[in-house]
Structure formats: C-alpha cells, structure tokens
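Following our numbering, the numbering of the sequence shown begins with 1 at its first residue and continues without gaps.
From the three backbone atoms N, C-alpha and C, an ideal C-beta is built for every residue, glycine too.
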Amino acid sequence: MAEHQSTGELLINRDFANGDFFGWSVSDPEKIFLARQESGHVAVLMHVPYASRIALQQQVTQERASGSYILSFWLRTSDKRGNAIPGLARNTTVHLWMHPLDGQVGYWDILDPAAAQFWGRRVYRFSLKDRGSIRFAIYFNNDNARLDTQRAMPIGREGYERLALVDESPDLVLPADSDVGQCPYAVRDVSLFKVA
C-alpha cells in the first residue's frame, strides 16, 4: 500500500505499463489478468458464475487528505484477450472506500458505470474537508448477483457515510442494437488524482 502526502497522482502502476499488477491486488488470477492492447496493457475481469465475485483493487494512504480529487478510468466490454465485444453493453460495479485513519467518519460509494463495445471514460469528482489520514480503496468488481445485493453496505462497515460524488463523465451513447448482458470487461488508465 502506497503512502502519499501531496497533490498529484496517488495510484501506483495506474496504467499497468510494466505488464504486471504491481501495486494492485487480484482476488483470482485465473479470472483477472492483463492483456496487451494498442494503447498498452488493460486489465480484463472475466465473467463469473451466479453468486460469485472477483475484484481488482488498489489501496493508498493519504496523510493530509483534505482537498479535491478526481477519480477516472476507462471501460469497455471485452473478450479474454481484451478485445471489444461488438453489440454488447453491461453495467459494472466499482467500489470507492475511504477508511478513516484519523478517528473521523469513513466514506464509501458504489458506482455502476456502463461498459460498451468502445472505450468510455468515467470521471468523478469529490472533496474532503478537515481530514487527516485516510486510506483510499478502489475495487473494480465483476459479480453475478442480484442487483439489490450489489449496492448494499457490507456488514461491519457501520460508521461510514455515502460520499458526495459528482459524475462528470461524458454521456455514453449506446448503439440502438446493443444487448445488455453479463460478460467480461476491461479497464485501463485508472487515476485517483489529488487536485488541491
């Protein structure tokens, strides 16, 4: 887990440039892996059976956490080699947790951005005031469960509040003939940037 104390990029190996998951945790290496693409490496999260979940995550500690942040990443539906799947779109599940190391309240949110057959950039902005140390945790999940269970706060996380995120993502216009289904998806260029 990395520790940062200033503005700028907080994540390590945010674009998988070295062709490995250095700085990241992978819950199942047989279901989450890197694929080489035209823009570099992308992480592929494979489809899982019902009531199963896999996660790609990174945690980073910010000593003086007060300030403004931008979380961004690129998504698309994918086969196991990271190639686009034409005509298929799906919702994904991304968890953002802020674990308090300063004795104050923690924050969380669950994002469900869509992935389509082309790369789409998702951008979220948030601010923290009067904060000491916080451990940020970002989870890209591929799960196959009831939708109402995907957005519930896990047991044992009492004392956390929903984070006020502003979605600044460009509109994602899906082709009219897109099917919505469960399939793998790819993620690239993940960023957690402290602006000020």
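Just mark residue i as buried or exposed, buried being the case when its beta carbon has 16 or more other beta carbons within 10 Å.
i      : result
Arg122 : buried
Ile32  : buried
Pro49  : exposed
Ile54  : buried
Arg131 : buried
Arg157 : exposed
Gly181 : exposed
Pro29  : exposed
Gly19  : exposed
Gly82  : buried
Leu8   : It should be noted that the sequence gives Gly, not Leu, for residue 8. Answer is exposed; the Cβ neighbour count stays below 16.
For residue i, does the three-state DSSP call read helix, strand or coil?
i      : result
Ala47  : In the sequence on display, residue 47 carries His and not Ala. Coil.
Ala35  : strand
Ala186 : strand
Ser202 : Residue 202 lies beyond the residue range present for the chain, which begins at 1 and ends at 196; the question has no answer from this structure.
Gly67  : strand
Tyr193 : Per the sequence shown, the amino acid found at residue 193 is Phe instead of Tyr. Three-state DSSP puts Phe193 in a strand.
Arg14  : coil
Ser27  : coil
Ser169 : coil
Glu158 : coil
Leu174 : coil
Gly40  : strand
Leu56  : strand
Asp20  : coil
Are the beta-carbon atoms of residue i and residue j separated by less than 8 Å?
i      : j      : result
Ile138 : Ala65  : no
Ile62  : Trp24  : Looking at the sequence provided, one finds Gln at residue 62 rather than Ile. No; because the gap between Cβ atoms is not below 8 Å, this pair is not in contact.
Glu161 : Tyr124 : no
Asp143 : Thr93  : yes
Val173 : Ser68  : no
Gly40  : Val105 : no
Leu34  : Asp109 : no
Pro184 : Asp79  : yes
Leu128 : Leu111 : no
Gly103 : Pro175 : no
Val60  : Leu101 : no
Phe16  : Ala43  : yes
Arg90  : Ala115 : yes
Val166 : Phe126 : yes
Gln117 : Ile85  : yes
Leu45  : Phe136 : no
Are any of the Cβ atoms in chain E nearer than 8 Å to that of residue i?
i     : result
Tyr50 : Going by chain labels, chain E is absent from the structure shown, which holds only one protein chain.
Q: Would you be able to state if there are at least three C-beta pairs under 8 Å between the stretch 68–76 and the stretch 181–193?
A: Cβ pair count under 8 Å is three or more, so yes.
Q: Would you list, in sequence order, the uninterrupted beta strand (DSSP E) runs of no fewer than 3 residues that lie entirely inside the stretch 70–141?
A: Runs of the beta strand (DSSP E) inside the stretch 70–141: 88–91, 93–100, 106–111 and 120–128.
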